[in-house]
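Protein chains in written order, with the working numbering: chain F, 2 to 318; chain A, -6 to 1023. Down below is the structure, laid out as structure tokens.
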């Protein structure tokens, strides 16, 4: 179970941290509903999440679970329907458009799922990096130095003057990562960073993310389906049906109890409790027993709803 | 700099759509530039044309002062000074006006007759000398051949003139009718040449032609000799431009009202204000349509720019989203977003203005007076700037929409739904269109003084109203079809209909396309009508492809010469024309023609005579008639018997006239008392002569000029014979005693002819005061004629018109036509041979012409010259057409067509670009379909169908609305400054030409649509699914 982690020295409305400083992330009961009146879809149903500075977290879960929506919230690209998002103690909902733009410029690096969506295809690799830094650094020389350094780090020094649209998918994603890191963000948000990449390119991208974390202490939150990415990032959070369903830490999987007491069974146990099945929860010394019960026949003799039966096979702690 | 480079790279990356935006912007700017530039050029062309075509008083001014005849120099200096003052400087005077022609006029007494004596600068080059030379020294004069004949003067003769001493005749001159009409004379020809030019039998004026002398003669007489001094100033048309009109107008007014000149008795005579008024009227005819067209095009250009820029902004959405995602602020995102379209507009402004100027120059070269300068007035730049600003506003509006959309919305392309305008706007549009139609019907012509704004906007309003309603219906129909194709599982039509029904801006595209093509259809319809009517009017006014005014060699028949040059009768025909300028028949034009040749060569449209070909009308003009009787000899003898002629004492007169002189040269031969049997003989002089008629002249009572009693009795004519010298008498002609050879020539009739063994018995009983007259029949009487409908309002069977000699000619309409070639509203066509017999030959009063078929000039012209025929002037239907096309209304129509065509091209280009861009954004969808094994041909079919529906619908609906507007408004569109009386104008658009236009437009669009679809489909591949959705 994740718990809210107090962030030392951060209070709502405080000044942004210096570039490169690791950021802490916190979501409280985050709800997001898409759509128009009469056609609404709840993507997030009360997400509680805390990520410590310098931590690397992988958001897992089936398609449509709300992972990308959560990521966009962390980038300040969406306004929550309810709940709040705090980055280093600053509520993003309190920031205006300009402050949000500055936040994204200086504190967040965002890597989108599709490589080509992260870059201007008609610009060179170098041009893309200069473009990403333009609002942040006034000196062209400084921008060029930083760009060269990044290109070198992602292994694209030789491709500096090649058109981004002409790079391979892997090269584009490495360039996209360089672009995302161009302004030395404290928080790197990556949406499926290795999808559509061959294993070698995927490994390179993972390595670069780890380097950024290790070198600059960048906090990383990545949406992924890739077990390699999940393994590399250490902590995993599984989102299901718009809620945090499970968390993995140090190789162990835990279910997460929501603030209303709900919890989601691990997928491998769901066959024991088909949808609509009844279960009895009984307090135990170190937890709760959950065992299946057969629904009583309301018309049967002596029977009444809720009557306890023998424990179902497999039910237990 | 980096930003500019990035924007340029972006433009290059989107080369196709960038080029399209650039083209649309360039065409939009060019389209609105053309109107003002064309108007400025047309102003110059119109003023040059109008002033150039005006008679001398209409293109200049004559300043006169009565006083001593030797003071002409002083008058010229004074006039030049005044004119230069009011024009704003001597440089303008010398630029606009030719050096003045000066003259001093007085009269002298010679042979006890008053004869004008004139000194006129440069006169020698305008006279043709038949003997001697032009006078060079004081007291030398040139006289006309007529004056020399009448006064019995000869070259070299010294004429005693009181006060002047002697004047010496150094030469005799002749002047032709066309020379006398030259502007050099400034209408003084009627004073100078009353005889030589034969202004008509009833013309008043001095009976003697002027004597011309050098100015030195005037200075050599005492200063007491009074006369009139003249200074004639003429504008040089080729140097006039639009702004000069106001300048000249002010100068003329200033000169007329100048108090100093008025005090000194200096008067100014001019028709320039009327000419300049015509110029302004022509300008107004262009002005209103130019403003209207330019304004409509401007609005359309804005709409189109908005459309295409919106599409371009939509296409750049992901990049702008990327910029925003990367933390670019509002301003930086705005500049990033606007950079590319602003660069395109910045390039489009000068390029469009240049293109507009080039198109205007091209149009001017074809349509305007040759040599008309085409510039770029300030209004052109202003219009171009306004169009560009509109484009920038469109850019800003679309950029604002893109910027205000959230990044996530942008990725998901879940844009805000455009607000539904509902049917309110449609209702307003339809109401305005109907109101415009009513306004037009009630208030008259577009561009007229009673015009109404709604009426002016009718084509655009009707087009946009139809377009809006039809486009809404298209969406409804597509939705219905979408469901149907969905049920049937046909993927191609399904996708096409779905995209048409749901594509944002789809309806906007059809509306703009339909409106633009409505304007184009209207303009094309009006143009075909205008061109056809201009052709008809020019053809009718000219009469034939080419009409030459000629002077045949002396004593030669023009018709015979033409017959020799063109024996087949398909290239040329001789025509004699007599125009009546006075009396009740003023304006009537008699055309004496060879009916068969005329039918082949004259310009004709069957609808001028109820669908009848010209030959069927002219066939009735030359029924057979007896040949004229020519008296060849020097004596004529008539044997006759007068019986019971009362009142007694009457005289028989035989009228003859010299061949070629005409009825005015009729000579009466008095044959003695008309009582009992007599053989009378009379001398013939100047013959061969034509026998004309016999008259019994009743004696007038004492003290009276004519008898007031009826004349009764009979005369039996046994024979009319001629002889030369002392030779034998021979019959003057055959059948002269036959009754059919004679007809009554007396007013009121009363003559009866019969034959008897004694010869022709002529019985008469006339009305009081009328002498009996028997006219020899040598032509149909009355003469059958093809008459302009406007001249025969009643059902009169016999009309009196003026013959070729100006004397009465009785005609009977053998056919009527709404327009007569050569004299559309007031022409009368008769047989040339009979008309000449009626006139006794080919009188000098008539104008001799040769009408030519198309393309005949090259062969016939030199042949005529070789035959000694002098060609004095030429009018061609093509020249008249060009002049009419250069008038304001037609110029406006051309401008409308050019601009509407540009607008249509613009709209089509924008629509295709929009469809292409929209299709390109859907490439992922198509890639997914390909991956799902939907055949590529189905995708191609769906794209083609989508483009065909949008483009085809817009074009067809637009053109249909345009043609409907043409039918409704065509009569209200001015085609001429002054509506011609004839020929009747047709208001039916040329269906064939328009069908061709529609087919061409559709073909171009289909090709463009096919090319765009092929390009799109070729670029779709399943791999795209691995890439980002645009």
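Ideal Cβ placement from N, Cα and C applies to all residues, glycine included. It should be emphasised that the depicted structure is a prediction, and the values quoted were computed from it without experimental measurement.
- Here the alpha carbon of residue 57(F) sits roughly 19 angstroms from the alpha carbon of residue 180(F).
- For residue 399(A), the neighbours in chain F by C-beta distance under 8 angstroms run, in chain order, 78, 79.
- Contacts with chain F at 8 angstroms (Cβ-Cβ) include residue 2(A).
- Around the beta-carbon of residue 272(F), fewer than 16 other beta-carbon atoms lie within 10 Å, marking it exposed.
- Cβ-Cβ distances below 6 angstroms link residue 122(A) to 164, 166 in the same chain, with the five nearest sequence neighbours on each side left out; the list follows chain order.
- A straight-line Cα-Cα distance of about 15 angstroms links residue 612(A) and residue 821(A).
- Here residue 166(A) carries a strand assignment [DSSP, helix/strand/coil].
- Chain order gives the chain A residues near residue 99(F) as 322, 323, where near means a beta carbon separation below 8 angstroms.
- Taking CB atoms only, residue 123(F) has a neighbour in chain A less than 8 angstroms away.
- For residue 315(A), a Cβ of chain F is located within less than 8 angstroms of the residue's own Cβ.
- Within 10 angstroms of the beta-carbon of residue 359(A) lie fewer than 16 other beta-carbons, which makes it exposed.
- A direct Cα-Cα distance of roughly 6 angstroms separates residue 284(F) from residue 290(F).
- The contact set of residue 5(A) on chain F, defined by CB atoms closer than 9 angstroms, consists of 123 in chain order.
- Residue 981(A) sits in coil when the DSSP states are folded into three classes, being neither helix nor strand.
- Annotation for residue 75(F): the continuous alpha helix (DSSP H) segment containing it runs 68 to 75.
- A Cβ-Cβ contact shorter than 8 angstroms links residue 893(A) with residue 512(A).
- The continuous stretches of alpha helix (DSSP H) do not include residue 275(F), and DSSP gives it neither H nor E.
- Per the Cβ contact rule, the stretch 22 to 39 of chain A is in contact with the stretch 350 to 358 of chain A (3 or more Cβ pairs under 8 angstroms).
- Within the same chain, Cβ atoms closer than 7 angstroms to the Cβ of residue 761(A) are found at 701, 702, 703, the five residues on either side in sequence being excluded.
- By a beta-carbon distance limit of 8 angstroms, residue 286(A) does not contact residue 89(A). Their separation comes to about 31 angstroms.
- The Cβ neighbour count for residue 368(A), taken over all protein chains shown within 10 Å, is under 16; the residue is labelled exposed.
- Chain F has no Cβ within less than 8 angstroms of the Cβ of residue 280(A).
- Note that the stretch 49 to 64 of chain F touches the stretch 233 to 243 of chain F; at least 3 beta-carbon pairs, one per stretch, sit closer than 8 angstroms.
- Residue range 801 to 810 is occupied by the beta strand (DSSP E) that includes residue 803(A).
- The three-state reading of DSSP puts residue 688(A) in strand, counting E and B together.
- At a beta-carbon threshold of 7 angstroms, the residues of chain A lying near residue 133(F) are 319, ordered along the chain.
- At a cut-off of 8 angstroms between beta-carbon atoms, residue 219(F) makes no contact with chain A.
- For residue 107(F), the C-beta contacts it makes with chain A under 9 angstroms involve 320, in order along the chain.
- In this structure, 765(A) is the residue among 749(A), 719(A), 765(A), 715(A) with its C-alpha nearest to the C-alpha of residue 739(A).
- Closest in alpha carbon position to residue 743(A), among 239(A), 726(A), 707(A), is 707(A).
- By the criterion of a C-beta distance shorter than 7 angstroms, residue 937(A) is surrounded in its chain by 1002, 1003, 1006, once the five residues flanking it on both sides are discounted.
- Taking all protein chains shown into account, residue 142(A) has fewer than 16 neighbouring C-beta atoms within 10 Å of its C-beta and is therefore exposed.
- Listed along the chain, the chain F residues whose CB falls inside 8 angstroms of the CB of residue 311(A) are 118.
- Neighbours of residue 158(F) across chain A, judged by C-beta separation under 7 angstroms, do not exist; the nearest C-beta is about 20 angstroms away.
- Note on residue 954(A): 16 or more other CB atoms within 10 angstroms of its CB, so buried under the neighbour-count rule.
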